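In my numbering, the protein residues as written are 1 to 420.
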């Protein structure tokens, strides 16, 4: 059985409805225009082609390295530039003949050869420098190539290089936060939005998560930092739900973005959850900053929830849940700090992740929530809340609450359907 992408599935459904006479031709054409063109992917064969290109890049670098000592410097430079420009010549030819897929593959090959050329030339002329700078130059060239050739593959490589460049300097950089990362990332995000590529959007989201989590981990666990990240996470979550309800600013990527934001928010709280005694309590200006961020986030979430209820957004329920989740998270982590409260909140967030995945029809959210829930259950067992008896009582209480919640939600749903 062939597995279709979402766009291909929708277009196939419209074609079937039109063929059976369910949809008139004009309405079918309008639906196809709204769905958009099908991505020029090749499924499994596309992966095989990309794997072949990567093998060619490594083969070329290995061949050059094996014969490096026997070649003169001029021959080495000429070989590097010849391979690079031959790839770009192939890109130009493919674009002129309308072979979009071949153009994208050759662009990826050219970007890989560009990075290999940087490393080989720096080695040949004994250019002493930080390897991170070479990755930075490689990333900028790849980002420019993605923009000029309009290549999603090259843009995905650029996002990967952004993450690599940042991670290479996480423990060496004296600056508290590597804000420079956001400059190329925002440029790449704008390109991704224009290209409407979901796989590239996933790469960009993963790169941003790597940046944010690494910045949080290397800090000295100040409580104010966790307040700000929690406030930012729930604020972005509410904005994404609002965008999914009406304007679709991310062109349908909102459910996946919700998953990444939820994962990032939960993981950012993990150090405070595992080692709460090592966190530096917020006092003075830090406390004012942290609570101000939480208050601003709460006002934004409530405002969007009220707006969603007034306008009948399909995400109005989730907007109000976001408000409640923000309040409970702030109380559990920054006010009460009672044993078991943070466990309950993180468990509730994992279950809500599964729930919102069903509501938004997102496999990523459902899988993320299930993995999150399983991880929390294992973590709670490893921590043991005081002793094994306390952990057992916690599990029993959590199970009873879940079953009671499922029973109540089912009854309310049936009553609502009966009134409708």
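Backbone N, C-alpha and C fix where the C-beta goes; we use that ideal spot for every residue, glycine too. As the structure is a prediction and not an experimental result, all values here were calculated from the model.
State buried or exposed for residue i, treating a residue as buried only when at least 16 other CB atoms are found within 10 Å of its CB.
i, result
"residue 9", "exposed"
"residue 435", "One cannot answer for residue 435 here, as it falls past the ends of the chain, which runs 1 to 420."
"residue 100", "exposed"
"residue 34", "exposed"
"residue 93", "exposed"
"residue 74", "exposed"
"residue 305", "buried"
"residue 29", "exposed"
"residue 181", "buried"
"residue 217", "exposed"
"residue 297", "buried"
"residue 27", "exposed"
"residue 319", "buried"
"residue 16", "exposed"
"residue 59", "exposed"
Per DSSP, what kind of secondary structure is residue i in: helix, strand or coil?
i, result
"residue 247", "coil"
"residue 339", "coil"
"residue 152", "helix"
"residue 363", "helix"
"residue 211", "helix"
"residue 315", "coil"
"residue 197", "coil"
"residue 170", "coil"
"residue 24", "coil"
"residue 177", "coil"
"residue 275", "coil"
"residue 41", "With a pLDDT of only 49 at residue 41, under the threshold of 50, the placement of this residue in the model should not be trusted; the figure read from the coordinates follows. DSSP places residue 41 in coil when its eight states are reduced to three."
"residue 55", "helix"
"residue 304", "helix"
"residue 97", "coil"
By DSSP's criteria, residue i is part of a beta bridge. Which residues make up the other side?
i, result
"residue 184", "DSSP lists no partner for residue 184."
Can you give me the Cβ contacts of residue i inside the same chain, cut-off strictly under 7 Å, excluding the 5 residues immediately before and after it?
i, result
"residue 243", "249, 250, 254"
"residue 358", "366"
"residue 143", "158, 184, 187, 188"
"residue 177", "215"
Would you report the Cα separation of residue i and residue j, rounded to the nearest angstrom?
i, j, result
"residue 371", "residue 72", "55 Å"
"residue 154", "residue 285", "44 Å"
"residue 135", "residue 378", "38 Å"
"residue 20", "residue 204", "41 Å"
"residue 145", "residue 190", "15 Å"
"residue 303", "residue 349", "21 Å"
Got a sec? Which residues, its chain only, sit under 8 Å from residue i by beta carbon, not counting five neighbours each side?
i, result
"residue 355", "369"
"residue 84", "110, 113, 114, 117"
Using a Cβ-Cβ cut-off of 9 Å, state whether residue i counts as contacting chain D.
i, result
"residue 267", "The chain inventory of the structure shown lacks chain D, comprising one protein chain alone."
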